[in-house]
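J.:
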Amino acid sequence: MRNLNFQGLSSNEAARRLAQYGPNEQPKAPPPGVFAIALRTLKEPMFFLLASAALLYLFVGDLGEGLFMVAGAGASITLVILQELRTERALEALNRLAEPTATCLRDGVERRIPARDLVPGDLILVGEGERAPADAVLVGGDALVIDESLLTGESAPVTKTLAGEARSAEFPDPGGEHTPFLFAGTMIARGSGLAEVVRTGARTAMGRLGASLAAIEAEPSPLQQRTGRLVATLGAFALLFCVLVFLAYWLVHGDWFEGAIAGITLAIGLLPEEFPMVLAIFLALGAFRLARRNVLVRRSSVTETLGSTSILCVDKTGTLTQNRMRVAFAIPESDKAIDAPLADAVQRMLIRAALRASSANPVDPMDRAVHAFAADVGVAPEGEPVRSFPIRPDLLAFIQCWRDESGESYAAKGAPEAIFKLTRVSDEERARLQTKIDDLARRGLRVLGVATTAPLPQALPLETASFDSVGLLAFEDPLRDDVPAAVAAARRAGVAVAMITGDYPATALAIARQAGIDSDAGVITGAEIGGTPSRMLPEKIRNVRVFARVTPTSKLALVEAFKADGQIVAMTGDGVNDGPALAAAHIGIAMGQRGSDVAREAAHIVLLDDSFTSIVAGVALGRRIFANLRRALTYVTAIHIPIAGVALAPILMGLPPLLLPAHVVLMELIIDPTCALVFESQPNEADAMLKPPHRRDEPLFGPRELFLGFVQGFVVFLAVMSVYVIDNGLGAPERQARGLAFATLVVGNLVLALSDALPRGASLFSRDNMAFWLVALAASAMVAACLYVPLIAELLRFEPPTWPKLALALTLGTIAGSWYGVWRRLLYPAPRAQREDAVLTIDLR
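Its first residue numbered 856, the sequence shown is counted upward by one per residue in my numbering.
1) Identify which residue in 1306, 1493, 1419 has its Cα closest to the Cα of residue 1570.
2) Is residue 1006 near residue 1048, with beta carbons less than 9 Å apart?
3) Count the other CB atoms, across all protein chains shown, that sit within 10 Å of the CB of residue 1546; report buried if there are 16 or more and exposed otherwise.
4) Counting only runs that start and end within the segment 1136-1176, where is the beta strand (DSSP E) found for 3 or more residues in a row?
5) Would residue 1349 and residue 1324 qualify as a contact pair, given that the criterion is a beta-carbon distance under 9 Å?
6) Assuming residue 1670 is part of the alpha helix (DSSP H), what are its boundary residues?
7) Within its chain, find whatever has a CB closer than 7 Å to the CB of residue 1403; leave out the 5 residues flanking it on each side and keep chain order.
8) Using 8 Å as the cut-off, can you tell me whether the segment 1208-1222 makes contact with the segment 1230-1241, which would need three or more C-beta pairs spanning the two stretches below that distance?
9) Check whether the Cβ atoms of residue 872 and residue 955 sit closer than 9 Å, and answer yes or no.
10) Would you kindly report the start and end of the unbroken beta strand (DSSP E) that includes residue 1400?
11) Taking just the CA atoms, how far does residue 1149 sit from residue 1119?
12) Out of 1114, 1641, 1328, 1266, state which residue places its alpha-carbon closest to the alpha-carbon of residue 1509.
13) Rounded to whole angstroms, what's the CA-CA distance from residue 1579 to residue 1522? Just pull it up for me.
14) Sort out for me which residues DSSP pairs residue 1240 with in a bridge.
15) Please determine, among 1599, 1666, 1618, the residue with the shortest C-alpha to C-alpha distance to residue 1634.
16) Can you tell me whether residue 875 is buried or exposed? The criterion is at least 16 other CB atoms within 10 Å of its CB, across all chains shown.
17) Tell me, please, which residues DSSP counts as bridged to residue 966.
18) Which residues in the same chain as residue 1590 place their Cβ atom closer than 6 Å to its Cβ, once the five residues preceding and following it in sequence are excluded?
19) Go to residue 1446, then tell me how far its beta strand (DSSP E) extends in each direction, as first and last residue.
20) Using three-state DSSP, classify residue 1265 as helix, strand or coil.
21) Pop quiz: residue 1328 and residue 1182 are said to be a contact at Cβ under 8 Å. What is the actual Cβ separation, rounded to whole angstroms?
22) Is the separation between the beta-carbon of residue 1439 and that of residue 1425 shorter than 9 Å?
23) Check whether the Cβ atoms of residue 1365 and residue 1258 sit closer than 9 Å, and answer yes or no.
24) Here's a check: name, in chain order, each residue in its chain whose Cβ is nearer than 7 Å to the Cβ of residue 1291, leaving out the five neighbours to either side.
25) Once DSSP output is grouped into helix, strand and coil, what is the label at residue 1698?
26) Using 8 Å for Cβ pairs, my map puts residue 964 next to residue 1050. What's the rounded Cβ distance?
27) What residue does the beta strand (DSSP E) around residue 1718 start on, and which one ends it?
28) Tell me whether residue 1014 sits in a helix, a strand or coil according to DSSP, three-state version.
29) Identify which residue in 1033, 1018, 1026 has its Cα closest to the Cα of residue 1012.
30) Hey, out of 1639, 1132, 1676, whose CA is closest to residue 1665's CA?
31) Alpha carbon to alpha carbon, what distance is there between residue 1611 and residue 967?
32) How would you call residue 1194, buried or exposed, if buried means at least 16 neighbouring beta carbons within 10 angstroms?
33) I need the straight-line Cα distance from residue 1035 to residue 1001, nearest angstrom please.
34) I need the DSSP call for residue 1460, collapsed to helix, strand or coil.
35) Nearest CA to the CA of residue 1344: which residue from 1542, 1488, 1275?
36) Do residue 1489 and residue 1630 have their C-beta atoms closer together than 9 Å?
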């Protein structure tokens, strides 16, 4: 590696080139427009039925009713389009948050910018676990090992070396060995360096292939697939009933037109076409709400799982702590602890050795802390790095070879036990150093050992080098202020918190106690995990919540063991080797600020602020989404029972038809916004984070919800039919009885929506219920117009009822729709909000 003094482009020049070359993004399909959404909507069975009814009215029946049906169908399509556009906007906002970023030099300053803003001539820093953001030439750093299989299909990685002074300006085809050319989309498997951007956007090798990295087609979640099958099955039954009712009505009454209208009305009432729309809107808007809490969902199916998390496996550094490392003590072999400017040669040798054992362009917080400490005391590395040896699972130390006027020497910095292995210290010396390390670790400090070799006249293999210990460094990384409250909230919610760290065991225990993580069972190390047979590991770790000196292989073993023990596991990770553990966890959580591209691609969730509190808030919001979605699907089921029932019952009872297709269209205009707006906007119940997580195998919409929806809908059906039958029996005109029953159905629908959606203890007039009152106001105006505006009443075959009858009918509809909500609140009163839950009662809108 050589020292480079690049300044990068100026901001003004970068802006000029961005305007000239355009953004650095691959070609992608535009989002669906209004016409495409409308065309997709028209293919749904519901609109096939509405179109059939409209055609019957237009060509056989009443022209006015036919035009009304067309207008109603148009309004329904408009509503669906508006809701889908809202969903698309939420998804576009998520895509912007998920856009890749790159570290580049601008105006001589290192900056993290969106990859789409890179331009030819930019200098970018690339490192292990990242994808190259553009086609570039390697001009500084180490030799890189690159995985180019995305472009070449070859699984074997290739080695990239630094460009010479007279490098070619022409890029060869991907796959070359020992060339300086990096291609957009390829993965850096090992090494780090500095590269100059040459081609961006569609001009890259990836762009010429027409690949799109920004838009990945999302597959339907398992719940969406099950719901799609359910709707398809019910649709087939609805069409079958439509034909049967048509034939029966025609044969019994001899009126094929009324039979067709009755059959279509029943089919529309039976078809719960809102299910897919409700799922799509909830998952998209739920993911958007999570993103506002710095939890970026990459796979929609995780929204269904998040609320059932039973154990959070989290890293310490940057998640529980502030990730602001600083050297608290430097302890040379002379035993004198130093937290002030260094003075003598021995002390300066320790910090110089630590500096040489750190990256020259530091990214790791501990390397940054060493550089900052060295700058404070005026110590420089005095030489240039030649080559480096990264940390290995069997040797937890970073070693670097430096060359100066005295020759070449090695410097190592890492876990004390790794430094002991390198220096081969005596048992007495090890015991003496171990006492110091234990004392520092019990104070929550992270301790690293430092060793170096004497200058060598010529380069020797690392294996033959003789290291001498020069001392210890103790780092402090304060706990985040909000972590203890978040850990306590998670534990009250039945979610265990396990800390998995590479730190020294005593340090891990000290930090765990500060955070409030259960440490009664002690600590288990990665070596113990690796030495335990997989069949015995679940029992061994069942009650342990602190794990230290954990390697990536041990992380994967922990995830599998917790899963085998019946836990729903959420795992955080940031490194290249964390990918398998993140993919294996039920919910893999990658660190957005310090995580590698490999970790982000393997994870289900990207944590934008690397904060543990955001994870716990995400669990709370996941429970909210799950509960609101369950209530919405129950409501959709409930409201279709009275619609289908009052479409079929009058035919079986020999009464005039109650519902016509136009009436069902009006009902759909109420149901759709009620589901999408009212239910989705409801907050968590006060005790949502005081309950244990729901089981993984607990269905979102199972037999219990289906039965509850049927019972609620049947009660509303009885109320509506009672009004219709009694009013007919009292000699009221058919149209007046129909109008009165329709008003009862609308009120029962609205009250049922509020009854199901409103959390226990929530106010009817809170801001979260603004959508409901707007829908209720619009529905009330619609019912009033249908009953009392002569032209509309004639089209819908209504007559205005008397006010006493209307008051009684609306009261009956209110009782039929509200009984369950009243019973639930009396039987399960809302608990008082607890002050310590403040971390989770923050605004999650």
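Note that the Cβ used here is the ideal one computed from N, Cα and C, for glycine as well. Computed from a predicted structure; not experimentally measured.
T.: With the structure as the only source:
1) 1493
2) no
3) exposed
4) 1150-1152, 1166-1169
5) no
6) 1658-1682
7) 1356, 1358, 1359, 1360, 1363, 1378, 1380
8) yes
9) no
10) Here residue 1400 belongs to no beta strand (DSSP E), and DSSP marks it neither H nor E.
11) 47 Å
12) 1114
13) 17 Å
14) 1257
15) 1599
16) exposed
17) 959
18) 1652, 1653, 1654
19) 1442-1446
20) strand
21) 6 Å
22) no
23) no
24) 1186, 1327
25) Residue placement at residue 1698 is poorly supported in this model, since its pLDDT is 41, which falls under 50; the coordinates still yield a value, given next. Coil at residue 1698, not helix or strand.
26) That belief does not hold up - the Cβ atoms of residue 964 and residue 1050 are roughly 18 Å apart, past 8 Å.
27) Nothing can be reported for residue 1718: it is not among the residues displayed for the chain, which extend from 856 to 1700.
28) strand
29) 1033
30) 1639
31) 46 Å
32) Reliability fails at residue 1194, whose pLDDT of 47 lies under 50, so the model's placement of it is uncertain and no value is given.
33) 11 Å
34) strand
35) 1542
36) no
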